[in-house]
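Enquirer:
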Amino acid sequence: MTLDIFDIDDEELLRMNQIEEDCGCDVIAGVDHGVNLGNYLRQTMNSISYDQLKAILNSKTGKVFSSEDVDEIVSEIQSQMLITDSEQIPILTAKSA
Amino acid sequence: MSENIRILRLGDRQEVPATLTRVSQKNVDDFETFWKPRILSKNQGDEYWDWQYKSRTYFSRGNYEAYAIEHDKITQGMMLIETENHRSWFNPQVRLVYVATLETAPWNRFSFQSDPMFQRIGTNLLRFAKFRSQQLGYKGSVGLHSLPRAESFYEKLDMNNCGKDPDKDNLTYFEWYTSGERQ
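Encoded structure:
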């Protein structure tokens with residue numbers, strides 16, 4: 008087998024088809040902060056402060072994000088959560104009051 | 397670098413030519429223009445990787461390589477691999493190619509439409525990761541973390557299911573492991 012040319016023979020192509028059809032699922036992989044960041048932040052924001060959240064993000068992502076990136080993320084999340092919170096405040100009615 | 401490959405158009409089940417190339421700004425632009433709006437419209441806004449961000453962060457690093465598959469001048473799939481710093485879970489002395497991200501265009505995903513347009517996008521990219529591993533002398537060893545909905549696919553490819561990784565959001569780690577490689 009030469010390692011200069013990427014080549015897949017017919018037999019392997021057929022097998023690839025079969026596997027994809029059998030699974031019927033997305034072919035997707037990888038860990039990324041974008042995948043679970045939303046849930047992660049929703050959980051953590053319930054019990055910690057802005058500074059704590061920033062510290063956690065820095066410790067978790069310090070090798071990937073710059074401090075400026077983390078600042079930007081925390082600020083954006085905070086503003087989005089404020090919007091969400093304000094939308095979820097129940098409207099008092101005569102009955103509920 | 398550009399490799400000619402064959403993908404399968406599911407509409408008429410015809411093989412069509414495609415190219416596997418290094419990711420360029422054009423591919424990142426395709427992500428922004430064609431992929432992202434579709435992903436967001438499906439309310440899966442937290443389930444995408446920001447290739448614009450990745451291009452800024454990783455593409456200049458020597459140990460990362462990014463590849464794309466194009467057909468009809470549109471990006472059909474992308475993959476980011478790390479080639480120097482990851483080791484086998486079976487033997488820490490064995491280096492491997494780590495698939496940091498593997499993603500197909502929304503229109504090629506079953507989760508987006510019941511009749512995806514093209515098949516073999518992800519498999520070609522993954523197979524290319526194995527090819528790179530062989531080229532680098534890692535004998536085809538490849539590792540990746542699978543999203544839950546794709547686990548059965550990697551199992552059928554005979555990758556070893558190494559269990560959930562608490563350090564990676566509890567995603568399941570899979571590995572093609574070939575023993576005997578020591579660096």
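If you're matching them up, the sequences are chains A and B in order.
The opening residue of the first sequence carries number 8 in my numbering; numbering runs sequentially from there.
The opening residue of the second sequence carries number 397 in my numbering; numbering runs sequentially from there.
Positions of the beta carbon are idealized from the N, C-alpha and C atoms, including for glycine.
Return the first residue and the last residue of the beta strand (DSSP E) that K552 (chain B) is part of.
Expert: Locating residue 552 (chain B) in the second sequence gives position 156, counting from the first residue. Unbroken run through K552 (chain B) is the alpha helix (DSSP H), 547–552; no beta strand (DSSP E).
Enquirer: Would you be able to state if there are at least three C-beta pairs under 8 Å between the region 549–557 of chain B and the region 467–474 of chain B?
Expert: They do not touch, by the three-pair rule.
Enquirer: Pull up the distance between the alpha-carbon of G539 (chain B) and that of K526 (chain B), whole angstroms please.
Expert: Counting from one through the second sequence, the residue named residue 539 (chain B) turns up at place 143. Counting from one through the second sequence, the residue named residue 526 (chain B) turns up at place 130. C-alpha separation (whole angstroms): 10 Å.
Enquirer: With distance defined between alpha-carbon atoms, name the residue in A:C32, A:G37, A:D17, A:I12 nearest to V493 (chain B).
Expert: Looking up residue 493 (chain B) in the second sequence gives position 97. For the residues A:C32, A:G37, A:D17, A:I12, the minimum Cα distance to V493 (chain B) belongs to A:G37.
Enquirer: Quick check: the Cα distance between L521 (chain B) and M474 (chain B), rounded to an integer number of angstroms?
Expert: Within the second sequence, numbered from 1, the residue matching residue 521 (chain B) stands at position 125. Within the second sequence, numbered from 1, the residue matching residue 474 (chain B) stands at position 78. Looking at the two C-alpha atoms, the distance is approximately 8 Å.
Enquirer: With 8 Å as the threshold, decide whether the Cβ of Q374 (chain B) is near any Cβ in chain A.
Expert: Outside the displayed span of chain B (397 to 579) sits residue 374 (chain B), for which this structure offers no information.
Enquirer: Between B:W447, B:R516, B:W485, B:F508, which has its C-alpha nearest S437 (chain B)'s C-alpha?
Expert: What you label residue 437 (chain B) is simply residue 41 of the second sequence in a count that begins at 1. S437 (chain B) has its Cα closest to that of B:F508, out of B:W447, B:R516, B:W485, B:F508.
Enquirer: Out of B:I401, B:D408, B:S456, B:E411, state which residue places its alpha-carbon closest to the alpha-carbon of Q421 (chain B).
Expert: One-based indexing of the second sequence puts residue 421 (chain B) at position 25. Comparing Cα-Cα distances from Q421 (chain B) to each of B:I401, B:D408, B:S456, B:E411, the minimum goes to B:S456.
Enquirer: Where do the ends of the beta strand (DSSP E) carrying E28 (chain A) lie?
Expert: By 1-based counting over the first sequence, the position of residue 28 (chain A) is 21. No beta strand (DSSP E) holds E28 (chain A); the alpha helix (DSSP H) holding it covers 17–30.
Enquirer: Cβ closer than 9 Å: which chain A residues qualify as neighbours of G536 (chain B)?
Expert: Mapped onto the second sequence, residue 536 (chain B) falls at position 140. Under the 9 Å cutoff, chain A gives no residues; its nearest Cβ is about 11 Å from G536 (chain B).
Enquirer: Taking the DSSP output, what are the residues bridged to A464 (chain B)?
Expert: If you number the second sequence from 1, residue 464 (chain B) lands on position 68. Beta-bridge pairing links A464 (chain B) to B:T417, B:M474.
Enquirer: Residues in the same chain with beta-carbon distance under 7 Å from E547 (chain B), minus the five sequence neighbours each way, listed in chain order, please.
Expert: The sequence position of residue 547 (chain B) within the second sequence is 151, counting from 1. So the list reads T568, once near-sequence residues are dropped.
Enquirer: Identify the continuous alpha helix (DSSP H) that holds A525 (chain B) and give its terminal residues.
Expert: Residue numbering aside, residue 525 (chain B) sits at position 129 when the second sequence is read from its first letter. Run containing A525 (chain B): 517–531, per the alpha helix (DSSP H) assignment.
Enquirer: Can you pull the DSSP bridge partners for K438 (chain B)?
Expert: As a position in the second sequence, residue 438 (chain B) is number 42, starting the count at 1. None; K438 (chain B) has no bridge partner.
Enquirer: Shorter than 8 Å from the beta carbon of S484 (chain B) to some beta carbon of chain A?
Expert: Counting from 1 along the second sequence, the entry for residue 484 (chain B) is found at position 88. So no, S484 (chain B) is outside the interface.
Enquirer: Classify V77 (chain A) as helix, strand or coil using the three-state DSSP reduction.
Expert: The residue given as residue 77 (chain A) occupies position 70 in the first sequence. Of the three classes helix, strand and coil, the one that applies to V77 (chain A) here is helix, per DSSP.
Enquirer: Would you call A62 (chain A) buried or exposed, if buried means 16 or more other Cβ atoms sit within 10 Å of its Cβ?
Expert: The residue labelled residue 62 (chain A) in the question sits at position 55 within the first sequence. Exposed, since its Cβ has fewer than 16 Cβ neighbours within 10 Å.
Enquirer: Helix, strand or coil, according to DSSP, for T51 (chain A) in the structure here?
Expert: Sequence index remark: in the first sequence, residue 51 (chain A) carries index 44 (1-based). Per-residue confidence for T51 (chain A) stands at a pLDDT of 48, beneath the threshold of 50, marking its modelled position as unreliable; the derived number appears in the next sentence. Three-state result, T51 (chain A): helix.
Enquirer: Verify whether the separation of the beta carbon atoms of E28 (chain A) and T519 (chain B) is less than 8 Å.
Expert: In the first sequence, the residue the question calls residue 28 (chain A) occupies position 21. In the second sequence, the residue the question calls residue 519 (chain B) occupies position 123. Not closer than 8 Å, so no.
Enquirer: What residues of chain A sit near A517 (chain B), judged by a beta carbon separation below 8 Å?
Expert: In the second sequence, residue 517 (chain B) corresponds to position 121, counting from 1. Just to set this straight, residue 517 (chain B) is Ile in the shown sequence, not Ala. Near I517 (chain B) (Cβ distances below 8 Å), the residues of chain A are V34.
Enquirer: Smallest Cα separation from R452 (chain B): which of B:V419, B:I465, B:P433?
Expert: The sequence position of residue 452 (chain B) within the second sequence is 56, counting from 1. Cα-wise, what sits closest to R452 (chain B) is B:V419.
Enquirer: Taking 8 Å as the CB-CB cut-off, is E27 (chain A) touching chain B?
Expert: Working through the first sequence from its first residue, we reach residue 27 (chain A) at position 20. Yes, E27 (chain A) lies at the interface with chain B (some Cβ there is under 8 Å from its Cβ).
Enquirer: Please state whether the Cβ-Cβ distance between R409 (chain B) and D33 (chain A) is less than 8 Å.
Expert: Within the second sequence, numbered from 1, the residue matching residue 409 (chain B) stands at position 13. Within the first sequence, numbered from 1, the residue matching residue 33 (chain A) stands at position 26. For R409 (chain B) and D33 (chain A), no; Cβs fall outside 8 Å.
Enquirer: Could you check what DSSP says for Y573 (chain B) in three-state terms: helix, strand or coil?
Expert: Here the question's residue 573 (chain B) lines up with position 177 in the second sequence. It is coil, neither helix nor strand.
Enquirer: Below 8 Å between beta carbons: does that hold for A414 (chain B) and I465 (chain B)?
Expert: Numbered from its first residue, the second sequence carries residue 414 (chain B) at position 18. Numbered from its first residue, the second sequence carries residue 465 (chain B) at position 69. Contact: yes.
Enquirer: Could you give the distance in angstroms between the alpha-carbon of N487 (chain B) and the alpha-carbon of G407 (chain B)?
Expert: Taking the second sequence and counting its residues from 1, the one referred to as residue 487 (chain B) is at position 91. Taking the second sequence and counting its residues from 1, the one referred to as residue 407 (chain B) is at position 11. Looking at the two C-alpha atoms, the distance is approximately 44 Å.
Enquirer: Which same chain residues end up closer than 8 Å to L64 (chain A) when comparing Cβ atoms and leaving out the 5 residues on each side of it in sequence?
Expert: Within the first sequence, numbered from 1, the residue matching residue 64 (chain A) stands at position 57. Here the set comprises F72, V77, I80, V81.
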